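When you number the sequence shown by the working numbering, it's gap-free, plus one each residue, and the end is 229. Yeah, the Cβ is synthetic: ideal placement off N, Cα and C, and Gly gets one too. Source: prediction; values computed, not measured. Okay, so here's the structure we're looking at.
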Amino acid sequence: MRLDKFVLKSTLCTKSEVTEQISLGHIRVNGAVNTDITSQVHEDNVIQLNGQTLVTRPFRYMLMHKQADTLCSNVDGHYPSLLNNIDINHKDELHIVGRLDADTTGLVLITDDGRWSYNITRPECVCTKVYRVQLAKPINIDAVALFKQGILLQGESKPTLPAELIIMSAKEVLLSLTEGRYHQVKRMFFAIGNRVNALHRQQIGNVSLDIVAGEWRDLTADEVSSFQ
Ligand code: URA
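As structure tokens, then:
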């Protein structure tokens, strides 16, 4: 972890106060003054601020049920950020793991642990995301085989990875994906001549949505480690 991040995560200092404290030579790493905010430090280093040994706060791992017309962003835009619904200390350290469109509802993971979220979002991660999709037109049974085979999306050269499509009713399906391309679900249905009217993510890996819209909860230790 970078030295400035470590100090931020182990004190009540703001980002600019952290930079100031480090530049003024108030931080020692293993006894030596360190004024380089970008230097890397490790858990077994002894890091002190004015002689006081610092210990980082534990990482936070949360699940939220995103409402429609909210943004997966740390700041408000055309719609409010979904983080507005969370009232905890050091909220600015949180980030959203992957993004849903403003009109998409459902399961969103939130954390301040960059390594954990990278593990989930990196292309090699085969963690399945399950979407409930309401369609504009009745689904054609052929779509099951097409999605299993992979679909070439407009403007792309590689087909999508095999996806599982379960037909629930004429205009409602469950779609399981193991990748996360830009607007992937909407573009996949567009590619087969249909359109998504409503999109809801109900599961990521082993974690299922079990809270009402607008609420959040901490992940259990088992849920956190299921992504590691
Ligand atoms: N695919 C989409 O098209 N939109 C989302 O929000 C998520 C997946």
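Name, in chain order, the residues that DSSP records as bridge partners for residue i.
{"i": "GLY1", "result": "Coverage of the chain is limited to positions 2 through 229, which leaves residue 1 absent and any answer about it impossible."}
{"i": "TYR62", "result": "THR112"}
{"i": "LYS130", "result": "LEU178, ILE205"}
{"i": "ILE87", "result": "Beta-bridge pairing links ILE87 to no other residue."}
Quick one: using the 10 Å Cβ neighbour count with 16 as the cut-off for buried, is residue i buried or exposed?
{"i": "HIS91", "result": "exposed"}
{"i": "GLN155", "result": "exposed"}
{"i": "GLN22", "result": "buried"}
{"i": "TYR132", "result": "buried"}
{"i": "ILE111", "result": "buried"}
{"i": "SER170", "result": "exposed"}
{"i": "HIS43", "result": "exposed"}
{"i": "TYR62", "result": "buried"}
{"i": "ARG218", "result": "exposed"}
{"i": "LYS67", "result": "buried"}
{"i": "ASN195", "result": "buried"}
Which whole-angstrom value describes the C-beta separation of residue i and residue j, a residue pair presumed to lie in contact below a C-beta threshold of 8 Å?
{"i": "VAL208", "j": "LEU64", "result": "6 Å"}
{"i": "HIS27", "j": "LEU13", "result": "Not quite, the Cβ-Cβ distance comes to about 15 Å (not below 8 Å), so this is no contact."}
{"i": "ARG29", "j": "LYS130", "result": "Going by Cβ atoms, the distance from ARG29 to LYS130 rounds to 45 Å, so no, they are not a contact pair."}
{"i": "LYS1", "j": "THR57", "result": "What the structure shows of the chain is the stretch from 2 to 229, and residue 1 is not part of that stretch, so it cannot be assessed."}
{"i": "LEU166", "j": "VAL174", "result": "6 Å"}
{"i": "ALA192", "j": "ILE142", "result": "Wrong, their Cβ atoms sit about 17 Å apart, outside the cutoff."}
What residue range is occupied by the uninterrupted beta strand (DSSP E) comprising residue i?
{"i": "GLU216", "result": "Where GLU216 is concerned, there is no enclosing beta strand (DSSP E), given that its DSSP letter is neither H nor E."}
{"i": "LEU101", "result": "Unbroken run through LEU101: none, as it is neither H nor E."}
{"i": "MET169", "result": "165-170"}
{"i": "LEU55", "result": "From DSSP, LEU55 is part of no beta strand (DSSP E); its letter is neither H nor E."}
{"i": "VAL42", "result": "From DSSP, VAL42 is part of no beta strand (DSSP E); its letter is neither H nor E."}
I'd like the span of the alpha helix (DSSP H) that includes residue i, first residue to last.
{"i": "VAL19", "result": "16-24"}
{"i": "ARG196", "result": "First-last for ARG196: undefined, no H or E at that position."}
{"i": "VAL145", "result": "143-150"}
{"i": "VAL8", "result": "4-9"}
So with Cβ pairs under 8 Å, would you call residue i a contact of chain C?
{"i": "ASP37", "result": "Note that chain C does not occur in the displayed structure, where there is just one protein chain."}
* Asked: Going along the chain, which residues put their C-beta within less than 5 Å of some heavy atom in ligand 1?
  -> LEU101, ASP102, THR105, HIS184, GLN185, VAL186, LYS187
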